[in-house]
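Keeping their order, the protein sequence lines are chains E and L. Mapping of the first sequence onto the numbering used here: position 74 corresponds to residue 74, and the numbering continues sequentially without gaps. Mapping of the second sequence onto the numbering used here: position 46 corresponds to residue 258, and the numbering continues sequentially without gaps. Glycine included, each C-beta is placed from N, C-alpha and C at the ideal position. If you're wondering where the values come from, they're calculated on a predicted model, not measured in any experiment.
Protein chains: 2
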Amino acid sequence: MPEPSDRRSRKRLATSKAISDAATRLFMERGFDHVTVDEIAEAADVGRMTVFNHFPRKEDMFFDRDEEGREMLRAAVGQRAAGVAPLEALCLLAHRLVAERSPVVEFSARSERLVPTVAGSETLKARARAIRDELADLVAEALAEAIGRDPDDPDARLAAGLLLATWTVAFLEAHRTFRQTRSREKANEAFLALVDRGTAGLKAAMAATPYI
Amino acid sequence: MPEPSDRRSRKRLATSKAISDAATRLFMERGFDHVTVDEIAEAADVGRMTVFNHFPRKEDMFFDRDEEGREMLRAAVGQRAAGVAPLEALCLLAHRLVAERSPVVEFSARSERLVPTVAGSETLKARARAIRDELADLVAEALAEAIGRDPDDPDARLAAGLLLATWTVAFLEAHRTFRQTRSREKANEAFLALVDRGTAGLKAAMAATPYI
DNA sequence: CAGATATGTGTACTCAGTATATATTAAAAC
DNA sequence: GTTTTAATATATACTGAGTACACATATCTG
Chain E
1 MPEPSDRRSR KRLATSKAIS DAATRLFMER GFDHVTVDEI AEAADVGRMT
51 VFNHFPRKED MFFDRDEEGR EMLRAAVGQR AAGVAPLEAL CLLAHRLVAE
101 RSPVVEFSAR SERLVPTVAG SETLKARARA IRDELADLVA EALAEAIGRD
151 PDDPDARLAA GLLLATWTVA FLEAHRTFRQ TRSREKANEA FLALVDRGTA
201 GLKAAMAATP YI
Chain L
213 MPEPSDRRSR KRLATSKAIS DAATRLFMER GFDHVTVDEI AEAADVGRMT
263 VFNHFPRKED MFFDRDEEGR EMLRAAVGQR AAGVAPLEAL CLLAHRLVAE
313 RSPVVEFSAR SERLVPTVAG SETLKARARA IRDELADLVA EALAEAIGRD
363 PDDPDARLAA GLLLATWTVA FLEAHRTFRQ TRSREKANEA FLALVDRGTA
413 GLKAAMAATP YI
């Protein structure tokens, strides 16, 4: 978080946050599709055009931290410890995020309200899928670069596709586990167990691709 | 294809086809986002409301055969030969579709125009992703039933997620191969090679899940 | 302080999708 | 064969997201 010193940037950030906060609150209260942009503008006390100025699409007010996920994935592959294979680094990332209680894989009262909000809206589900595909592309390119292949190398694409599929299934299963057991520990276990199994399969699929 | 005998159904089918044909032609000519529903109605010589009567969403005029894919997946798992594991049956399906030159995995001049049309529109990509997720859900449930588990069994979900991810990557890579080599044979080979590798990894991830 | 620039905002528009009412046409019932 | 009944086509009028453009105002820079 840079927290810029000039007033203009600070004001812009404040406006952005006001809109995002108002929007997220309304989305969780009434469901994404039952909140209009006009209502969000009203609630954040800004003009309607200002909303679109900060968030080109309505969904962006809900998913406004996906860039952090990108950064983490890039860093995990790009700045991995010496001697660690790229795929291994991504598996370690999953474990580290859980150990550090990162909001990305947080299974808590908060996620318990967030997930149904997404599940209740086709638009939000569509954006979630798009982000997943964008992350898969990013991982594919990072893996390809790490093993010295073309950016669209099919091995890297397959690995990335399998990885994101695994994480998605693991995330939803962990969320389900939390909802049923009320235990963050059990949710974390369920998440990591599935990630490890997926990763094992992934490595098997990549057996013929050295150093990945 | 039932080809119904009563005039009413025949007329409805003809109207549907006229709209779908006009729409697909316009989409490929000018790109999905540069065609309005009014233009489609005009081209198909029907009223605007008739278009929405037949196709609730604009995207449905492009993806109007996804039900066939569902049928094939259901049948592959549900009516597999005795002694064939569900996952094996799905792998065999991929090979059979290629061998039978099914439109689903067709790499040809036609697919060469279809794929860029999808790639050029966020709306069509979103629908493609949604269909992929719907197919994954369907496969997950079919697998779960085949091995006597709950419909939301995590093993079945993981297997289905990995399978659809594999097929997606394999399809796009095969398309790329066709575009570059102009050879349907090479495209088919690329497709099946990736499907087989993904399936191998999938089986490894499922090693602890008997009979899947 | 003056000019350049980022930001906020209003007006007017396009287009997808929905609600509702009505007309027409084929099917079914008698 | 005439009368009901139901499916289909279509018009009108609406909602809401997103865009284009113009303009005002606040902030930064020289």
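Alpha carbon to alpha carbon, what distance is there between L/Glu324 and L/Glu385? One C-alpha to the other measures close to 12 Å.
Starting from E/Thr199 and walking both ways along the alpha helix (DSSP H), at which residues does that stretch end? Going by DSSP, E/Thr199 is part of the alpha helix (DSSP H) stretching over Arg184 to Ala205.
Is there a C-beta anywhere in chain L that falls below 7 Å from the one on E/Glu173? For E/Glu173, the answer is yes, since a Cβ of chain L falls inside 7 Å of its Cβ.
Where E/Glu106 sits in the DSSP three-state scheme: The answer is coil: DSSP assigns E/Glu106 none of H, G, I, E or B.
Buried or exposed by the 16-neighbour rule on C-beta atoms within 10 Å, applied to L/Arg339: Buried is the call here.
Classification of E/Thr36 by the beta-carbon crowding that lies within 10 angstroms, buried from 16 upward: E/Thr36 comes out exposed.
Might you give, ordered along the chain, the residues of its own chain that have their beta carbon closer than 8 Å to the beta carbon of L/Ala380, omitting 5 neighbours on each side? First, the amino acid is wrong: residue 380 of chain L is Thr here, not Ala. Taking C-beta separations shorter than 8 Å and ignoring five residues to either side along the sequence, the partners of L/Thr380 in its chain run Arg344, following chain order.
Short CB-CB distance (under 7 Å) between E/Pro154 and chain L: Interface residue, yes.
Counting pairs of beta carbons, one from the segment 180-187 of chain E and one from the segment 216-225 of chain L, are three or more of them closer than 8 Å? Cβ pair count under 8 Å is below three, so no.
Leaving out five residues on either side along the sequence, give the residues of the same chain with a beta carbon under 7 Å from the beta carbon of L/Thr389. Around L/Thr389: Lys398, Ala399 and Ala402.
The ligand GTP and E/Thr117: does the residue's C-beta get closer than 6 Å to at least one heavy atom of that ligand? The ligand content of the structure shown is nil, which means the ligand GTP is not present either.
Report buried or exposed for L/Ala372, applying the criterion of at least 16 other Cβ atoms within 10 angstroms of its Cβ. Around the beta-carbon of L/Ala372, 16 or more other beta-carbon atoms lie within 10 Å, marking it buried.
Inspect the CB distances between the segment 407-415 of chain L and the segment 150-166 of chain E and report whether three or more fall short of 8 Å. Touching, yes.
Roughly how many angstroms lie between the CA atoms of L/Leu414 and E/Asp155, to the nearest whole one? Between the C-alpha atoms of L/Leu414 and E/Asp155 there is a straight-line separation of about 15 Å.
Counting only Cβ-Cβ distances shorter than 8 Å, please list the residues of the segment 3-37 of chain E near chain L, keeping chain order. Those would be none; no residue qualifies.
When the Cα atoms are used, what is the spatial distance from E/Asp64 to E/Pro116? Taking the straight line joining both Cα atoms gives about 17 Å.
Alpha-carbon spacing of E/Pro86 relative to L/Arg391, whole angstroms: Whole-angstrom Cα-Cα distance: 30 Å.
Quick check on the DSSP output: the alpha helix (DSSP H) that includes E/Thr24 runs from which residue to which? Per DSSP, E/Thr24 is one residue of the alpha helix (DSSP H) stretching across Arg7 to Arg30.
Chain-order list of residues whose beta-carbon lies under 7 Å from that of E/Val118 (same chain, five-residue window excluded): Taken in chain order, the residues that qualify are Leu124, Lys125 and Ala128.
Taking just the CA atoms, how far does E/Phe171 sit from E/Asp66? Cα atoms of E/Asp66 and E/Phe171: separation of roughly 15 Å, rounded to the nearest angstrom.
With a threshold of 16 other CB atoms inside 10 Å of the CB of E/Lys11, please say whether the residue is buried or exposed. By the Cβ neighbour-count rule, E/Lys11 is exposed, with fewer than 16 other Cβ atoms within 10 Å of its own.
Contact defined as beta carbons within less than 8 Å: I believe E/Thr15 pairs with E/Phe62. What is the distance between those atoms, to the nearest angstrom? Incorrect: roughly 17 Å between the Cβ atoms, too far for contact.
Nearest to L/Glu357 by CA position, among L/Gln291, L/Gly243, L/Lys229 and L/Glu254, is which residue? Nearest option by C-alpha distance: L/Gln291.
If you draw a straight line from the alpha carbon of E/Met1 to that of L/Leu355, how long is it in whole angstroms? For E/Met1, the pLDDT reaches just 48, beneath the cut-off of 50, and the residue's location in the model is therefore unreliable, leaving the point undetermined.
Scan the segment 63-143 of chain E and note each continuous beta strand (DSSP E) run of 3 residues or more that stays entirely inside, going in chain order. Uninterrupted beta strand (DSSP E) stretches at least 3 residues long and entirely within the segment 63-143 of chain E do not occur.
Taking L/Leu350 as the query, report the chain E residues whose CB atoms sit under 7 Å from its CB, ordered along the chain. Listed along the chain, the chain E residues whose CB falls inside 7 Å of the CB of L/Leu350 amount to none; the nearest CB is some 15 Å away.
As a quick exercise: from L/Pro422, L/Ala405 and L/Ala420, pick the residue whose alpha carbon is nearest that of L/His307. Residue L/Ala405 is the option with its Cα nearest to L/His307.
What number of angstroms, rounded off, separates the C-alpha of L/Ile252 from the C-alpha of L/Pro268? When rounded, the distance between both Cα atoms is 14 Å.
Give the single residue among E/Arg182, E/Asp152, E/Thr166 and E/Ile147 whose Cα lies nearest to the Cα of E/Tyr211. Residue E/Ile147 is the option with its Cα nearest to E/Tyr211.
Check whether the Cβ atoms of E/Val105 and E/Val98 sit closer than 7 Å, and answer yes or no. Yes, these two residues count as a Cβ contact at 7 Å.
Give the range of the alpha helix (DSSP H) segment to which E/Glu42 is assigned. That run of the alpha helix (DSSP H) goes Val37 to Ala44.
Excluding the 5 residues preceding and the 5 following L/Lys229 in the sequence, name in chain order all residues of the same chain whose CB lies nearer than 7 Å to its CB. Short of 7 Å from the beta carbon of L/Lys229, and not among the five residues preceding or following it, lies no beta carbon of its own chain.
Backbone secondary structure at L/Ala371 - three-state DSSP: The three-state reading of DSSP puts L/Ala371 in helix, counting H, G and I together.
What would DSSP say about L/Ile424, mapped onto helix, strand or coil? Reduced to three states, the DSSP call for L/Ile424 is coil.
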